[in-house]
Structure formats: structure tokens, C-alpha cells
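Undergrad:
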Amino acid sequence: AQKITQTQPGMFVQEKEAVTLDCTYDTSDQSYGLFWYKQPSSGEMIFLIYQGSYDEQNATEGRYSLNFQKARKSANLVISASQLGDSAMYFCAMREGPYNTDKLIFGTGTRLQVFP
Amino acid sequence: EAGVAQSPRYKIIEKRQSVAFWCNPISGHATLYWYQQILGQGPKLLIQFQNNGVVDDSQLPKDRFSAERLKGVDSTLKIQPAKLEDSAVYLCASSHQGASYGYTFGSGTRLTVV
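Protein chains in written order, with the working numbering: chain S, 625 to 740; chain B, 18 to 131.
1. Quick one: which residues of the region 53-85 of chain B get their C-beta closer than 9 angstroms to a C-beta of chain S? List them in chain order.
2. Under the DSSP definition of a beta bridge, which residues are partnered with G657(S)?
3. Please confirm if S92(B) has its CB atom under 7 angstroms from at least one CB of chain S.
4. Measure from the C-beta of K727(S) to each C-beta in chain B and report whether the shortest distance is under 7 angstroms.
5. Less than 7 angstroms between CB atoms is the rule here; does E680(S) satisfy it with respect to chain B?
6. Tell me which residue opens and which closes the beta strand (DSSP E) that G634(S) is part of.
7. Using alpha carbons as the reference points, say which of N691(S), P722(S) and A712(S) lies closest to L736(S).
8. Taking T732(S) as the query, report the chain B residues whose CB atoms sit under 9 angstroms from its CB, ordered along the chain.
9. Which residues does DSSP list as the beta-bridge partners of G70(B)?
10. Starting from Q669(S), find everything on chain B with Cβ-Cβ shorter than 7 angstroms and list it in chain order.
11. Which same chain residues, not among the five before or five after Q76(B), have their C-beta less than 7 angstroms away from its C-beta?
12. Going along chain S in order, which residues have a C-beta closer than 8 angstroms to the C-beta of T129(B)?
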């Protein structure tokens with residue numbers, strides 16, 4: 625069964641506007657981690673932001689914030705003030721378990737295109 | 018610190034040929050992962066090593082794929098014989114228990130099977 629769901633295959637946003645990329649997850653673990661990665665056309669996976677299941681506050685990293693709603697099992701990525709360089713694939717991933725050596729499970733991704 | 022190194026960057030082979038990919042993780046990272054990313058999909062774990070032992074290879078097609086990490090450092094993933102559906106990007110990642118978020122990915126090897 626798929627455990628990470630990204631329902632938006634593609635999103636468009638105008639430069640300088642904010643955009644929200646959706647992610648829902650399913651797990652029976654109490655301790656887990658949620659990640660967002662950016663994958664430009666060059667192929668590398670760039671870490672953006674992390675949220676632990678026990679973290680009470682939403683994570684923020686510069687222009688990236690994670691809207692974590694535990695009861696809804698959602699972990700949406702918010703990008704503020706979009707830039708042309710934000711155009712890329714974005715993947716939500718979940719670490720099943722408490723350890724940084726547990727495997728990551730990825731969603732299918734959302735392609736974000738930023739236009740001038 | 019140096020990142021996760023992978024080679025080659027690109028590879029084109031004919032079906033039924035064999036191919037090997039190499040990965041050198043970040044120094045000190047005991048855990049190493051190989052992911053397969055088919056075009057339009059998210060990465061899927063093929064195999065996970067802890068030092069030189071296999072932790073999870075449940076999704077590795079063992080009739081054609083093999084991987085090793087003999088000295089607990091670098092790793093090789095092999096496909097023999099390759100099929101058209103093996104065309105994908107093969108990503109290597111490593112992680113360390115003590116790191117804040119753990120995971121670092123290499124740039125990947127893009128395999129095309131014709």
C-alpha cells in the first residue's frame with residue numbers, strides 16, 4: 625500500500641507568489657520523520673526541510689515551511705515568494721521509525737513550474 | 018565534507034547486457050541505500066546496507082540485480098541481464114545515526130536500456 629500520497633502531478637505559480645504542495649502519509653508508527661526534497665532536472669535530490677512526528681511546531685527553513693497536521697496525517701510544503709529557480713520536482717518522503725538510518729519512502733512527486 | 022559520489026553519470030546499454038554502478042558514501046556513514054527512480058515516479062528502495070550487511074533487500078529483483086558492500090564503505094550495484102524496464106535513475110544515499118536529518122544523496126546514474 626502506498627504510504628506517501630502526493631495528489632498534485634503539477635503546479636504552476638507566478639514568481640513572488642506563495643505555493644502549497646500537498647502531501648499525506650499513512651503509518652502506524654508513533655515515531656517517524658517527514659521530509660521534502662527538491663529534484664531539479666540535473667537529477668540530484670536536495671534536502672529542503674524536516675519535521676519529526678513529536679515536533680509540536682511546524683518546521684521552517686528560510687522560504688520553506690512545513691504545515692504539519694498530525695491528526696490529518698498531512699505534511700504540506702509551503703514555498704513563500706517563489707523564484708524561477710524553484711521550478712523542479714518536489715518529493716515528500718517519510719522515514720518509518722525513529723532512527724536516521726531507517727529507510728525513506730517517497731511519494732510520486734509534484735512538478736512545480738514558476739513563471740515570470 | 019565531500020558528498021556521496023556515484024559513477025558513471027550516464028550509461029546506455031542494450032537489453033541483455035550487464036552493467037555496474039559504483040557508489041562511495043560520505044565518510045563515516047554506516048548506512049548505504051540504493052534507490053531506483055523510474056521516469057515520472059518517486060525513488061523506490063532497492064537495497065539497504067548497514068556497514069557491509071544487508072538490512073533490507075525485499076524490493077531487489079534478485080534474479081537480475083545484485084549489490085555488495087564488501088568493506089563497509091563503497092558499494093556496487095549490478096544488473097545482469099538488463100531489461101528495457103530497468104531504464105531509470107539509480108540513486109545512492111548514505112546516512113549516519115548521529116546526523117540531524119541523516120540522508121545525503123548522490124547525483125545518480127541515469128541508465129538507458131535500448
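For each residue, glycine too, the CB sits at the ideal point set by N, CA and C.
Note that the structure is predicted; figures quoted are calculated from it, not measured.
TA: Based on what the coordinates show:
1. Q54, G57, Q58, G59, P60, K61, L62, Q65, Q67, V72 and D73
2. Counted from its first residue, the first sequence places residue 657(S) at position 33. Its beta-bridge partners are G676(S) and R719(S).
3. The sequence position of residue 92(B) within the second sequence is 75, counting from 1. Answer no: the Cβ-Cβ gap between S92(B) and chain S never drops below 7 angstroms.
4. Reading the first sequence from its first residue, position 103 is the one you call residue 727(S). It does: the Cβ of K727(S) has a partner Cβ on chain B nearer than 7 angstroms.
5. Counting from one through the first sequence, the residue named residue 680(S) turns up at place 56. Output row for E680(S): interface = no.
6. Taking the first sequence and counting its residues from 1, one reaches residue 634(S) at position 10. G634 to Q638 is the extent of the beta strand (DSSP E) around G634(S).
7. Sequence index remark: in the first sequence, residue 736(S) carries index 112 (1-based). Among N691(S), P722(S) and A712(S), the Cα nearest to that of L736(S) is on A712(S).
8. Within the first sequence, residue 732(S) is the residue found at index 108, counting from 1. In chain order: G57, Q58 and G59.
9. Translated into the one-based positions of the second sequence, residue 70(B) becomes position 53. In DSSP, G70(B) forms a bridge with Q67(B).
10. Along the first sequence, one-based indexing puts residue 669(S) at 45. Before going further, note that residue 669(S) is Met rather than Gln in the sequence given. Result: L108 and F122.
11. The residue labelled residue 76(B) in the question sits at position 59 within the second sequence. Cβ neighbours of Q76(B) beyond the five flanking positions: K61, L62 and L63.
12. Along the second sequence, read from residue 1 onward, the residue named residue 129(B) stands at position 112. By Cβ distance, chain S contributes nothing, its closest Cβ being about 13 angstroms from T129(B), past 8 angstroms.
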